[in-house]
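Participant: In the numbering used here, the protein residues as written are 120 to 230.
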Amino acid sequence: MAEIDEAVTRMVFENYGVEKYHDDHFRSTFYYLRLIKYKEPKKLGVDVGLRSHTDKTFSSILHQDHINGLEINTKNDEWVVFDPLPSSVIFMAGDVFQVCHQIIPLFMLYL
120 MAEIDEAVTR MVFENYGVEK YHDDHFRSTF YYLRLIKYKE PKKLGVDVGL
170 RSHTDKTFSS ILHQDHINGL EINTKNDEWV VFDPLPSSVI FMAGDVFQVC
220 HQIIPLFMLY L
């Protein structure tokens, strides 16, 4: 899993033109492994395994088994069922990818 994470984060750093910072970032990375096995919904009698959430980490890596269940919330606030191939490995960008930013109108720079 660490190799997948390193490969994907390296691509992200390269895409943003900051690849020179990748090695320092990767050396400072520690991993938190959480394994969750979801039972089939018909055996539990419920449709939701976890309530809607975002992952607070840089990334999450999911392994798809024969039980689908991942849904993704769109910009239009609609839930879309994600239907990957069996045994897929899914890289989910976490909250760390979201950048807090602001826009300063150009005219304010000259006041």
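Ideal Cβ placement from N, Cα and C applies to all residues, glycine included.
Note that this is a predicted model, so its numbers are computed, not measured.
Determine which residues share a DSSP beta bridge with A212 and list them.
Facilitator: Its beta-bridge partners are S178.
Participant: Are the CB atoms of F177 and G136 nearer to each other than 8 Å?
Facilitator: Cβ distance not < 8 Å, so F177 and G136 don't count as in contact.
Participant: Excluding sequence positions up to five away, which residues of its chain have a Cβ less than 7 Å from the Cβ of V215?
Facilitator: T176, F177.
Participant: Going by C-alpha distance, which of R129, I123, F210, R146 is nearest D174?
Facilitator: Here the closest residue by C-alpha is F210.
Participant: Helix, strand or coil for V131? Go by DSSP, reduced to three states.
Facilitator: Three-state result, V131: helix.
Participant: Taking only three categories from DSSP, how would you classify E197?
Facilitator: Here E197 sits in coil by DSSP.
Participant: Going by CA-CA distance only, name the one from R146, E122, W198 that's closest to D170.
Facilitator: Reading the sequence as shown, one finds Arg at residue 170 and not Asp. Comparing Cα-Cα distances from R170 to each of R146, E122, W198, the minimum goes to W198.
Participant: To the nearest angstrom, report how far apart I180 and E133 are at their CA atoms.
Facilitator: The straight-line gap from Cα to Cα measures roughly 20 Å.
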